[in-house]
Amino acid sequence: MDQQAEKYEKLVNILELVNTSEISSVRNTVIVIIKIMNDPNSTAKDLKDIIQVDPPLTARVLKLANSSYYSPPDKIAEIMKAIIWIGWDAIKELALSQKVCEIFHEDETINGYSRTSLWKHSLAVAVFAKMIYRREFGRRGEKVYAAGLLHDIGLILEDQFCHDEFIHALSKSKIEEKYLTRAEKETFGYDHADLGNAIADTWKLPKELCAAIANHHNPDRAGPDFSRMTHTLYVADKLSQEKGYGYWDAPLGDQAVFKSSLRKLGLGHHALQLIGEDVEKEISKMVDQGLFN
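The sequence shown maps to residues 2 to 294 in this note's numbering.
Structure, rendered in structure tokens:
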């Protein structure tokens, strides 16, 4: 069996494990929420319908709506009232992030890596990417926010479904001082970007999200239709690590690729400063809401 065939077989095997696990329930809700985010004609009722059939998500949304951060005048007990009180844009991001968060359950720290730190990193990348889109491109950034949340989903799946091999890849990366993606390829035959793309494709997520997840370590490989999102994700990933929102003791990425991505996005030093300030405010708000943990 050649390397490509072996890689494909390994990916198929892990996808079967993922899609027959408890993650399949997360998948179904995530797919619908992303469809709602991508549909300009979607309504609050569409979101209410998916939230209210998911008890854990319903509980989180109602808990947030009744928190001291939002301080409603009366107790909110209905999802539609929570959507109205929290706000349409905010509730979509909240619902997606809280559902994706369910994949990152349990925790232990190994070689500087933990699921909690990976979750915080994913959330920070999502916020950085969204703020880049809002400030630089005048877009709401919902799609790139989703891409940020899911860009490292391959890592958490390796951790959960191939734990021993994943720990070996982490150790190999640290001991041999090489990028984790290279250690993954030597261990699995693929890396977390390959696996993330495979799962996103299986879930039939938008092609732009699949391409961004697949190429978030190699943005120049993305096609022209997907270039902006992929380069944004690369920049957001590196900025998150520089701000201390990394998921382990990893190198900060290729500086030449980072500078190239900045040029292609038209991001200068002043813009990065403003975006950084936007992100700090957003993450501070999330901390107050109890979401950034």
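Every residue, glycine too, gets a C-beta built ideally from N, C-alpha and C.
Assigned secondary structure, residue i (DSSP; H/G/I helix, E/B strand, else coil)
{"i": "I77", "result": "coil"}
{"i": "S114", "result": "The sequence given here places Tyr at residue 114; Ser does not occur at that position. Three-state result, Y114: strand."}
{"i": "R140", "result": "coil"}
{"i": "A223", "result": "coil"}
{"i": "K186", "result": "helix"}
{"i": "H218", "result": "coil"}
{"i": "N67", "result": "coil"}
{"i": "N42", "result": "coil"}
{"i": "E109", "result": "coil"}
{"i": "V128", "result": "helix"}
{"i": "K244", "result": "coil"}
{"i": "Q4", "result": "helix"}
{"i": "D195", "result": "helix"}
{"i": "Y9", "result": "helix"}
{"i": "Y180", "result": "coil"}
{"i": "G300", "result": "Absent from the structure is residue 300, since the part of the chain shown begins at 2 and ends at 294."}
{"i": "H152", "result": "coil"}
{"i": "T233", "result": "helix"}
Candidates the options, of which the one nearest residue i by Cα
{"i": "R79", "options": "A91, V62 and Y71", "result": "Residue identity check: residue 79 is Glu in the sequence provided, not Arg. Comparing Cα-Cα distances from E79 to each of A91, V62 and Y71, the minimum goes to V62."}
{"i": "E281", "options": "L266, R229, S241 and P74", "result": "S241"}
{"i": "A272", "options": "Y134, L158 and T182", "result": "Y134"}
{"i": "V236", "options": "L263, Y248 and G224", "result": "L263"}
{"i": "P57", "options": "Y70, T30, K82 and I35", "result": "T30"}
{"i": "E17", "options": "L158, S115 and G142", "result": "L158"}
{"i": "E23", "options": "Y70, K260 and K100", "result": "K100"}
{"i": "D81", "options": "I32, A66 and A194", "result": "Per the sequence presented here, residue 81 reads as Met, with Asp not at that position. Checking every option, the nearest Cα to that of M81 belongs to A66."}
{"i": "T233", "options": "E177, V145, I176 and F293", "result": "V145"}
{"i": "H169", "options": "G269, A184 and G155", "result": "A184"}
{"i": "A84", "options": "D279, I52, F162 and G113", "result": "With the sequence shown as reference, residue 84 is identified as Ile, and Ala is not the correct amino acid for it. The shortest C-alpha separation from I84 is found at I52."}
{"i": "I1", "options": "A60, D90, W89 and A91", "result": "Beyond the ends of the chain as shown, which are 2 and 294, falls residue 1; an answer cannot be given."}
{"i": "E278", "options": "A125, S72 and E109", "result": "A125"}
{"i": "H122", "options": "R141, Y248 and N198", "result": "Y248"}
Buried or exposed (CB count within 10 angstroms, at least 16 for buried), residue i
{"i": "W120", "result": "buried"}
{"i": "D75", "result": "exposed"}
{"i": "A147", "result": "buried"}
{"i": "V54", "result": "exposed"}
{"i": "A179", "result": "Position check: residue 179 holds Lys in this sequence, whereas Ala was assumed. When all chains shown are included, K179 counts as exposed."}
{"i": "N42", "result": "exposed"}
{"i": "A257", "result": "exposed"}
{"i": "E243", "result": "exposed"}
{"i": "G155", "result": "buried"}
{"i": "N20", "result": "exposed"}
{"i": "K260", "result": "exposed"}
{"i": "A212", "result": "buried"}
{"i": "H270", "result": "exposed"}
{"i": "D238", "result": "buried"}
{"i": "L268", "result": "buried"}
is_contact[residue i, chain B] using C-beta, thresh 7 Å
{"i": "Y9", "result": "The structure shown has no chain B; it contains just one protein chain."}
beta-carbon residue i near the ligand SAH non-hydrogen atom, thresh 6 Å
{"i": "C163", "result": "This structure simply doesn't include the ligand SAH, nor any ligand for that matter."}
Is it a yes or a no for the region 142 to 155 touching the region 190 to 206, going by three-plus beta-carbon pairs under 8 Å?
yes
Between the region 219 to 228 and the region 46 to 56, are three or more C-beta pairs nearer than 8 Å?
no
Should the region 92 to 104 be regarded as contacting the region 216 to 226, the criterion being three or more beta carbon pairs within less than 8 Å?
no
At least 3 beta-carbon pairs within less than 8 Å: the region 6 to 20 vs the region 185 to 195
yes
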